[in-house]
Structure formats: structure tokens, C-alpha cells
Amino acid sequence: MKYTQRFNINPVPASRPRVSRWSTYYPKKYTKFKKDMEALTSELETTPSEKLVSVELEFRIMMPKSFSKKKRQGLNNTYCSNNSDIDNYIKAILDSLNGVFYIDDKQVVEIFARKIYGDEGYILYKQKEIENNDEVRTM
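Each residue of the sequence shown is one higher than the last, beginning at 438 in the numbering used here.
If you want it as C-alpha cells, here you go:
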């Protein structure tokens, strides 16, 4: 079974929990992303897969408002070279989709991902169930 879903939300990388003397918490930006993703996924009518899955992710990162018009035009639809690691973007979305497209993100055994600058931020998610466990691909 295949799923394709576009989430109209600006991608946010997962961050480490902050520890204070009184509690442990996540930064506001990541907490808001998790809350917004929960709202977006609660509207979906899906049955979580019990099989192993292959996932393709495209993160459209909105360009900062501080970029000039010329710089925006030059960087639109090019690979994003911001300071955030792609694995943190991947972790944020996979954690958000637990119980939606799969039971647990440990079922994800293959990932193809890229982050690209765009005028609007969104996440394009594609999933394919792996029918035979011998479908190992190499680059």
C-alpha cells in the first residue's frame, strides 16, 4: 500500500529537550510544530501499517524574510544549506506520524530525504510498504 501526503506546515528540526532546575522541556518552536502536526494528522483517516515501510521525504524550507529579492530568486528550488541537519527534520516528522501511517517509526527501514528552499514551507511525505523483506536496494 502506498500513501502520499502533503503537510502544509513549515518544517522544524527536532531539538533536544532543555533541562532546567525545575523541569525538562522542548523549545517553543518545536513544541508548536508537534502540536500543529497533531492537528493536521488528526483529520486524516488512515490505518497504520504493520509492515516495514520505505519513506520518501521532501522538506520545503521557507526562505528567511531577511533574504533579498535577488537572493530569493537565486535560491528558490535549490538545495537548502541552512544550519539545521536533515536528520533532525526527519526525526521530527517521523515522530509526529507514529500511529498515523505506521504503528511506530521503528518500522521505517529505508529513507530518501532532501531539503529544498521554497517560497512556502511544506513537507511532502510518501510511504511504500515493503512486501518482501529481501527488497534491499543499494545506491
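Where is the CB? At the ideal position from N, CA and C, for every residue including glycine.
- Ranking LEU534, SER486, ILE540 by CA distance to the CA of LYS472 puts LEU534 first.
- Taken through DSSP and simplified to helix, strand or coil, LEU477 comes out as helix.
- Sorting PHE470, ASP532, GLY555 by C-alpha distance to the C-alpha of GLN510 places GLY555 at the top.
- Looking at the DSSP output, LYS563 shares a beta bridge with THR441, GLU493.
- Contact between the stretch 539 to 557 and the stretch 504 to 523 is established, with three or more Cβ pairs separated by less than 8 Å.
- Along the stretch 493 to 552, the alpha helix (DSSP H) occurs as fully enclosed runs of 4 or more residues at 506 to 512, 523 to 533, listed in sequence order.
- Spatial neighbours of THR515 in its own chain (CB-CB distance under 8 Å, excluding positions within 5 residues in sequence) are listed in chain order as ILE553, TYR554.
- Looking at the DSSP output, TYR554 bridges to ILE498.
- Around the Cβ of ILE560, a 10 Å sphere holds 16 or more other Cβ atoms; the residue is buried.
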